[in-house]
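Number of protein chains: 2
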Amino acid sequence: MKSDPTSKPEPKSDLSAQIAKAIRDAIIEGRMIVDERLPSEAELAEQFNVSRPTVREALKRLAAQSLIRTQRGAFGGAFVNRLSYSEAYGQQITTATLLLSMNDVSFDVACEARYALERACAPLSAQRCTPDLLASMRAEIHRQGQPGLSDEGFCASDVAFHRALVDGAGNPVLSYQLAGAIEAMQPLMNMITFTARSRGAIIALHTRIADALEAHDATAADIALQELEQYTLRLGQDVMAARNKA
Amino acid sequence: MKSDPTSKPEPKSDLSAQIAKAIRDAIIEGRMIVDERLPSEAELAEQFNVSRPTVREALKRLAAQSLIRTQRGAFGGAFVNRLSYSEAYGQQITTATLLLSMNDVSFDVACEARYALERACAPLSAQRCTPDLLASMRAEIHRQGQPGLSDEGFCASDVAFHRALVDGAGNPVLSYQLAGAIEAMQPLMNMITFTARSRGAIIALHTRIADALEAHDATAADIALQELEQYTLRLGQDVMAARNKA
DNA sequence: TGCCCGGAAAATGTCAGACCTTTAAACGTC
DNA sequence: GACGTTTAAAGGTCTGACATTTTCCGGGCA
């Protein structure tokens, strides 16, 4: 008996959740290190005094958070997973997207958050932006000017442009944090119909931003970003106004 | 047979993962709305042609991401969950903490990301900060000055101070994004031994920040934050240097 | 001696069926 | 009409079994 009943502050049932929590805590507190193998399902079942399906449910919970990975076969089992940036990006984006879509977050609030965060990276990007990231940004700008590009395509390219901007800061932690903020805006942006005129205005601002970064001019980049925020905000408000009328 | 084998781009087995993905996509794409009830486990098992334990594993995966909630009893079942801010905070913090601890992110990089993001909120906080949030900040500053406070306690209070700062921006999306950045730094900060002298310096800077916000002076707040960043960075580098020597 | 192949073993993946517990709606009684 | 009781639906858990995958070890053959 590993888990004495006296130390359970969570009397509510659901054994698999309790077991998942116990293992998760062990990982977070560093009692289990990366790539360490967990006991087999049968052993865990014995340790926690539950059946194997219950243990499996707990392990699936952890797998869903990318905390462990499992491997079949003779020397397989569950291993503590090194959380990669790409996995973290994915979770971040999923969570942020759902948070926005399920809590009727207003366009204004989401927009404000996104641009506040992006403006935080701009000075670093202006300082460190690499040629290939600048090239990516120019490529996206070019794509945005293609005639016949759908609104969804324009939005996707916009997202790619802004992700290149934050990646330019050369700080992977920052990139990870911003991935959610930027990607989660896409569904909201997709509601906007981009006219040729508004596309032109956005492309012009994107160009100004890229130029400023290339010139290592943080102030100019910040001003252009502020203008882009104002412009985006206005586009969004127009859509909202049109919607409320209908 | 609902899932024809031809349309599976993921030939690798693991039925519960496939089923979880199918349901998750349905939720993300809006085919299932908040509070909608999923079919019962038995019905899902029949639909997907799998056994009930397999369905349950899939549901646990979704529950781990707070995408669904389950309820026992007669009209119970699994329901699409409205992802609350507090749930999102929790996931964000867990993921960010693990990301930092498992990828030997340097103190410098984490610190830079954190302060870049915080500085993004400062102008908004200076504009909107409410009296009760200011009071929270003052209370934390006071606690930080208590003699006999442990290093862990000092760090915890530091985190609380900074969270109040970002909450002051009055933008829940921003607060959510920053929760991870701030909380994930705590383990790194806990490695630092805070002398009476360094505590005094930090408290002085915290006071300057609070004063600036109260005076709605965004520039002064930004400058104080920059100084705090520099100071924190130096403390961290000293610790790293001492460690490498040992 | 050295290489290849096949079986054993260990672990996860899946299934089937049963029982318990919880919960709320439906029913009947006063 | 209000209140307690029954009952059925659904999730939570257990037992046991079989399938599948992968590694390792040992034996046969050149």
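Residue numbers (the numbering used here), protein chains in the order written: chain A, 48 to 293; chain B, 48 to 293. Cβ atoms here follow ideal geometry from the backbone N, Cα and C, with glycine treated the same way.
Using a 10 Å radius around the Cβ and a threshold of 16 neighbouring Cβ atoms, would you call Met236(A) buried or exposed? Against the first sequence, residue 236(A) aligns to sequence position 189. Under this definition Met236(A) is a buried residue.
Cβ-based neighbour list, Met79(A), same chain, cut-off 6 Å, excluding 5 preceding and 5 following: Along the first sequence, read from residue 1 onward, the residue named residue 79(A) stands at position 32. Here the set comprises Ala73 and Val127.
Mind checking if Ala207(B) is an interface residue toward chain A, Cβ cutoff 7 Å exclusive? For the purposes of this step, residue 207(B) is taken as residue 160 along the second sequence, with counting starting at 1. So no, Ala207(B) is outside the interface.
Contact between the stretch 108-119 of chain A and the stretch 89-100 of chain A (3+ Cβ pairs under 8 Å): A contact is defined here as three or more CB-CB pairs under 8 Å, and the stretch 108-119 of chain A fails this definition with respect to the stretch 89-100 of chain A.
Which residues does DSSP list as the beta-bridge partners of Phe126(A)? Here the question's residue 126(A) lines up with position 79 in the first sequence. BP columns for Phe126(A) point to Arg84(A) and Arg116(A).
Give the C-beta separation of Arg161(B) and Ala228(B) to the nearest angstrom, bearing in mind that I take them to be a contact with Cβ-Cβ under 8 Å. Counted from its first residue, the second sequence places residue 161(B) at position 114. Counted from its first residue, the second sequence places residue 228(B) at position 181. About 5 Å separates the two Cβ atoms, so the contact holds.
Please list, in chain order, the chain A residues whose beta carbon lies closer than 9 Å to that of Thr144(B). Along the second sequence, read from residue 1 onward, the residue named residue 144(B) stands at position 97. Those are Ile75, listed as they occur along chain A.
Reference Ser131(A); option with closest CA among Gly124(A), Met238(A) and Ile115(A): Here residue 131(A) refers to the residue found at position 84 when the first sequence is read from its first residue. Between Ser131(A) and the set Gly124(A), Met238(A) and Ile115(A), the nearest pair of CA atoms involves Ile115(A).
Return the CA-CA distance between Thr279(A) and Ala125(A), expressed in angstroms with no decimal places. On the first sequence, position 232 is the one that residue 279(A) refers to. On the first sequence, position 78 is the one that residue 125(A) refers to. A straight line joining the alpha-carbon of Thr279(A) with that of Ala125(A) spans about 47 Å.
Counted within 10 angstroms of its Cβ, other Cβ atoms place Phe154(A) as buried (16 or more) or exposed: As a working mapping, residue 154(A) is identified with position 107 in the first sequence. Classification for Phe154(A): buried.
Taking the runs of the beta strand (DSSP E) that are 3 residues or longer, which of them lie wholly in the stretch 146-233 of chain A? Listed in chain order, nothing qualifies, since the stretch 146-233 of chain A has no complete beta strand (DSSP E) run of 3 or more residues.
Would you mind working out which of Leu196(A), Ser222(A), Thr141(A) and Ile66(A) sits nearest Ser172(A), comparing C-alpha positions? Sequence index remark: in the first sequence, residue 172(A) carries index 125 (1-based). The residue with the shortest Cα to Cα distance from Ser172(A) is Ser222(A).
Given a cut-off of 7 Å, decide if Ile256(A) and Ile188(A) are closer than it, judged by their beta-carbon atoms. Residue mapping note: residue 188(A) aligns to position 141 of the first sequence, counting from 1. Residue mapping note: residue 256(A) aligns to position 209 of the first sequence, counting from 1. The answer is no: Cβ separation not under 7 Å.
Could you say which of Ala271(A), Gly283(A) and Gly200(A) lies nearest to Thr254(A) if we only look at CA atoms? Along the first sequence, read from residue 1 onward, the residue named residue 254(A) stands at position 207. Distance check between Thr254(A) and each of Ala271(A), Gly283(A) and Gly200(A) places Ala271(A) closest, using alpha-carbon atoms only.
Using a Cβ cut-off of 9 Å, pull out every chain B residue sitting near Cys202(A), in sequence order please. Start at 1 with the first residue of the first sequence, and residue 202(A) comes out as number 155. Close to Cys202(A), with beta-carbon spacing below 9 Å, lies no residue of chain B; the smallest spacing is near 16 Å.
Comparing the C-beta of Ala268(A) with each C-beta of chain B, is any distance below 7 Å? Here residue 268(A) refers to the residue found at position 221 of the first sequence. Output row for Ala268(A): interface = no.
What first and last residue would you give for the alpha helix (DSSP H) that runs through Glu276(A)? Residue mapping note: residue 276(A) aligns to position 229 of the first sequence, counting from 1. Element bounds for Glu276(A): Ala265 to Lys292.
Could you give the first and the last residue of the continuous alpha helix (DSSP H) run that contains Val102(B)? Here residue 102(B) refers to the residue found at position 55 when the second sequence is read from its first residue. Where Val102(B) is concerned, the enclosing alpha helix (DSSP H) stretches over Arg99 to Ala111.
CB of Lys107(B) within 7 Å of CB of Lys107(A), strictly: Translated into positions along the second sequence, residue 107(B) becomes position 60. Translated into positions along the first sequence, residue 107(A) becomes position 60. In this structure, Lys107(A) lies closer than 7 Å to Lys107(B) by Cβ.
Could you check whether the Cβ of Arg108(B) sits closer than 7 Å to any Cβ belonging to chain A? Against the second sequence, residue 108(B) aligns to sequence position 61. Yes, because at least one Cβ of chain A sits closer than 7 Å to the Cβ of Arg108(B).
If the criterion is Cβ atoms closer than 7 Å, does the pair Met149(B) and Arg129(A) meet it? The residue labelled residue 149(B) in the question sits at position 102 within the second sequence. The residue labelled residue 129(A) in the question sits at position 82 within the first sequence. Cβ distance < 7 Å, so Met149(B) and Arg129(A) count as in contact.
Among the candidates Leu146(B), Glu134(B), Ala135(B) and Ser87(B), whose CA atom is the shortest distance from the CA of Ala121(B)? The residue you call residue 121(B) lines up with position 74 of the second sequence. Residue Ser87(B) is the option with its Cα nearest to Ala121(B).
Is the shortest distance between the beta-carbon of Met238(B) and the beta-carbons of chain A less than 7 Å? What you label residue 238(B) is simply residue 191 of the second sequence in a count that begins at 1. Taking Cβ atoms only, chain A never reaches closer than 7 Å to Met238(B), which makes this a no.
Ala182(A) versus Phe95(A): straight-line alpha-carbon distance, rounded: Mapped onto the first sequence, residue 182(A) falls at position 135. Mapped onto the first sequence, residue 95(A) falls at position 48. If I take the Cα positions, the gap works out to 55 Å.
For the alpha helix (DSSP H) containing Glu76(B), list its first residue and its last residue. By 1-based counting over the second sequence, the position of residue 76(B) is 29. No alpha helix (DSSP H) holds Glu76(B); DSSP gives it neither H nor E.
Check the Cβ of Leu164(A) against every Cβ in chain B and list those closer than 7 Å, keeping chain order. If you number the first sequence from 1, residue 164(A) lands on position 117. In chain order, Leu164, Ala167 and Gln224 make up the part of chain B whose C-beta sits under 7 Å from the C-beta of Leu164(A).
Limits of the alpha helix (DSSP H) - the one that Thr254(B) falls within: The residue given as residue 254(B) occupies position 207 in the second sequence. For Thr254(B), the uninterrupted alpha helix (DSSP H) run begins and ends at Ala243 to Glu261, by DSSP.
Thr240(A) versus Cys202(A), Met232(A) and Ala226(A), residue with shortest Cα-Cα distance: Sequence index remark: in the first sequence, residue 240(A) carries index 193 (1-based). Minimum Cα distance to Thr240(A) is reached at Cys202(A).
Out of Leu85(A), Gly137(A), Asp205(A) and Arg119(A), which has the shortest C-alpha to C-alpha gap to Ser60(B)? In the second sequence, counting from the first residue as 1, residue 60(B) sits at position 13. That would be Arg119(A), whose Cα lies nearest to the Cα of Ser60(B).
Can you list, in chain order, the residues of the stretch 94-105 of chain B whose Cβ is nearer than 7 Å to any Cβ on chain A? Using a CB distance below 7 Å, the part of the stretch 94-105 of chain B facing chain A consists of Pro100, Arg103 and Glu104, ordered along the chain.
7 Å Cβ cutoff, Glu159(A) in contact with chain B: Working through the first sequence from its first residue, we reach residue 159(A) at position 112. Interface residue, yes.
Name the chain A residues whose beta carbon is nearer than 7 Å to that of Gly227(B)? Residue numbering aside, residue 227(B) sits at position 180 when the second sequence is read from its first letter. Residues of chain A passing the Cβ test: Gln224.
Identify the contact partners of Ser63(B) in chain A, using a Cβ-Cβ distance below 7 Å as the criterion. Locating residue 63(B) in the second sequence gives position 16, counting from the first residue. Within 7 Å Cβ-Cβ: Lys107.
Give me the Cα-Cα distance between Pro178(B) and Val213(B), rounded to the nearest whole angstrom. Counting from 1 along the second sequence, the entry for residue 178(B) is found at position 131. Counting from 1 along the second sequence, the entry for residue 213(B) is found at position 166. Rounded to whole angstroms, Pro178(B) to Val213(B) spans 14 Å at the Cα level.
Apart from the five residues on each side of it in sequence, which residues of its chain come closer than 8 Å, Cβ to Cβ, to Gln191(B)? Walking along the second sequence from the start, residue 191(B) turns up at place 144. Close CB contacts of Gln191(B) within its chain, under the 8 Å cut and outside five residues either way in sequence, are with Phe201, Ser204, Asp205, Phe208, Arg246, Ile249, Ile250 and His253 (chain order).
Determine the closest residue to Ala211(A) out of Arg185(A), Leu196(A), Glu76(A) and Gly195(A), with distance taken between C-alpha atoms. Indexing the first sequence from 1 puts residue 211(A) at position 164. Checked all of Arg185(A), Leu196(A), Glu76(A) and Gly195(A); the closest Cα to Ala211(A) is Arg185(A).
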